[in-house]
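Peer 1:
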Amino acid sequence: TNRNFMDPRMTRKGAEIDGENMEKLLRSLRYDELKTQQPLWEGEFVLGVNHREEQPDQFPVDNLYKYLGSQSCPALMNKPKVVIIQACRGGDFNSDIVSDDVSHLAREDNIVDCAIRYVHKEKDFLSLLSSTPDTVSYRQERTGSFLIQYTVEIFNTCCHQDDIDGLFRKVMQRFEDFPSETERQMPTKDRCTLLGWPGKIPGHPDM
1 TNRNFMDPRM TRKGAEIDGE NMEKLLRSLR YDELKTQQPL WEGEFVLGVN HREEQPDQFP
61 VDNLYKYLGS QSCPALMNKP KVVIIQACRG GDFNSDIVSD DVSHLAREDN IVDCAIRYVH
121 KEKDFLSLLS STPDTVSYRQ ERTGSFLIQY TVEIFNTCCH QDDIDGLFRK VMQRFEDFPS
181 ETERQMPTKD RCTLLGWPGK IPGHPDM
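For the sequence shown, the positions run 1 to 207 when full-length UniProt numbering is used.
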């Protein structure tokens, strides 16, 4: 979690709360056991990121997908990879005042077996970004960002009945009850290539 910077004006008060809340959530979902007791290829892979975009990226977000992709990390091939990014994606505010050709893939003929096996370069990712493009994200100094607050809340209460896609959808719906009358924020799912989640999420009461 990035909180303190050389420029005091960039200090992200409340960011440390996000790290603490995510750690508690992952432990409650038994990811501490998964990390220490099971090989990587037997379990799911979860990545939480707290990121700042006001300055040029020291670690571009695209690198996450590159380094965890099939070529760079074959151990995670065909395994779920969940990415949660809490960051402003621009300076615009996500609120307004209002009154009441698909190209076809060419079929390949004469396909024969060979020693080379082609795999998807980027697959099995499910990403939740804290805001829509070009808009800001909000956090509270004492309780952390709304994205992490709502993620922890929804996962703790609904992981026994919803899959990961349904959980993210409920997190997004939670922002319909945003506590501010003038500010708005809406998370968005991005670069979703996850075809399915194998079994129940760790921490399910039936496990």
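We treat Cβ as the ideally placed atom computed from N, Cα and C, and that holds for glycine.
Using the Cα positions of residue 34 and residue 161, report the straight-line distance between them to the nearest angstrom.
Peer 2: By 1-based counting over the sequence shown, the position of residue 34 is 34. By 1-based counting over the sequence shown, the position of residue 161 is 161. Note on residue 34: pLDDT 47, under 50, position unreliable in the model; no value is reported.
Peer 1: Buried or exposed for residue 187, going by 16 or more other Cβ atoms inside 10 Å?
Peer 2: Walking along the sequence shown from the start, residue 187 turns up at place 187. With 16 or more other Cβ atoms within 10 Å, it is buried.
Peer 1: Taking the DSSP output, what are the residues bridged to residue 139?
Peer 2: Along the sequence shown, one-based indexing puts residue 139 at 139. BP columns for residue 139 point to 145.
Peer 1: Please report the residue range of the alpha helix (DSSP H) in which residue 168 lies.
Peer 2: The sequence position of residue 168 within the sequence shown is 168, counting from 1. 164-174 is the span of the alpha helix (DSSP H), which, as asked, contains residue 168.
Peer 1: Can you tell me whether residue 132 is helix, strand or coil according to DSSP?
Peer 2: Indexing the sequence shown from 1 puts residue 132 at position 132. Residue state, collapsed to three classes: coil.
Peer 1: Identify, in the order they occur along the chain, each residue of the same chain with its Cβ nearer than 6 Å to the Cβ of residue 139, setting aside the five sequence neighbours on each side.
Peer 2: Here residue 139 refers to the residue found at position 139 of the sequence shown. Excluding positions up to five away in sequence, the list reads 14 and 145.
Peer 1: Could you check if residue 71 is buried or exposed, using at least 16 other CB atoms within 10 Å of its CB as the buried criterion?
Peer 2: Counting from one through the sequence shown, the residue named residue 71 turns up at place 71. Exposed, because fewer than 16 other Cβ atoms sit within 10 Å of the Cβ of residue 71.
Peer 1: Among the residues of its own chain, which have a CB less than 7 Å from the CB of residue 158, if the five just before and after it don't count?
Peer 2: Sequence index remark: in the sequence shown, residue 158 carries index 158 (1-based). Cβ neighbours of residue 158 beyond the five flanking positions: 167 and 170.
Peer 1: How many Å lie between residue 18 and residue 156 at the Cα?
Peer 2: Position 18 of the sequence shown holds residue 18. Position 156 of the sequence shown holds residue 156. The straight-line gap from Cα to Cα measures roughly 15 Å.
Peer 1: To the nearest whole angstrom, what separates the beta carbons of residue 80 and residue 124, a pair I think is in contact under 8 Å?
Peer 2: Here residue 80 corresponds to residue number 80 of the sequence shown, with the count starting at 1. Here residue 124 corresponds to residue number 124 of the sequence shown, with the count starting at 1. Their Cβ separation, rounded to whole angstroms, is 6 Å, which keeps residue 80 and residue 124 in contact under 8 Å.
Peer 1: Over the uninterrupted beta strand (DSSP E) stretch that includes residue 24, give me the two end residues.
Peer 2: The residue labelled residue 24 in the question sits at position 24 within the sequence shown. Counting along the chain, residue 24 falls outside any beta strand (DSSP E), though it belongs to the alpha helix (DSSP H) covering 15-28.
Peer 1: Using the C-alpha atoms, what's the distance from residue 77 back to residue 177?
Peer 2: Taking the first residue of the sequence shown as 1, we reach residue 177 at position 177. Taking the first residue of the sequence shown as 1, we reach residue 77 at position 77. Distance between the alpha carbons of residue 177 and residue 77 is about 37 Å.
Peer 1: With H, G and I counted as helix, E and B as strand and the rest as coil, what does DSSP make of residue 42?
Peer 2: If you number the sequence shown from 1, residue 42 lands on position 42. Residue confidence is low: residue 42 scores 44 on pLDDT, short of 50, so the model does not pin down where it sits. Its coordinate-derived value is still stated next. Of the three classes helix, strand and coil, the one that applies to residue 42 here is helix, per DSSP.
Peer 1: Within its chain, find whatever has a CB closer than 8 Å to the CB of residue 164; leave out the 5 residues flanking it on each side and keep chain order.
Peer 2: Within the sequence shown, numbered from 1, the residue matching residue 164 stands at position 164. Hits under 8 Å: 80, 82, 126, 194, 197 and 201.
Peer 1: Do you know how far the Cα of residue 74 is from the Cα of residue 16?
Peer 2: Sequence index remark: in the sequence shown, residue 16 carries index 16 (1-based). Sequence index remark: in the sequence shown, residue 74 carries index 74 (1-based). Rounded to the nearest angstrom, the two C-alpha atoms are 32 Å apart.
Peer 1: Go through its chain and collect everything with a Cβ distance to residue 192's Cβ below 6 Å, but skip five positions before and after it.
Peer 2: Reading the sequence shown from its first residue, position 192 is the one you call residue 192. So the qualifying residues of the chain are 126.
Peer 1: So, with DSSP's three-state summary, where would you put residue 195?
Peer 2: Here residue 195 is taken as the residue at index 195 of the sequence shown, counted from 1. The answer is coil: DSSP assigns residue 195 none of H, G, I, E or B.
Peer 1: How many whole angstroms separate the CB atoms of residue 154 and residue 22, which I take to be in contact at a CB cut-off of 8 Å?
Peer 2: Residue numbering aside, residue 154 sits at position 154 when the sequence shown is read from its first letter. Residue numbering aside, residue 22 sits at position 22 when the sequence shown is read from its first letter. About 13 Å; that fails the 8 Å criterion.
Peer 1: For a cutoff of 9 Å on Cβ pairs, would you count residue 163 as touching chain B?
Peer 2: This model lacks chain B altogether, as it is built from one protein chain only.
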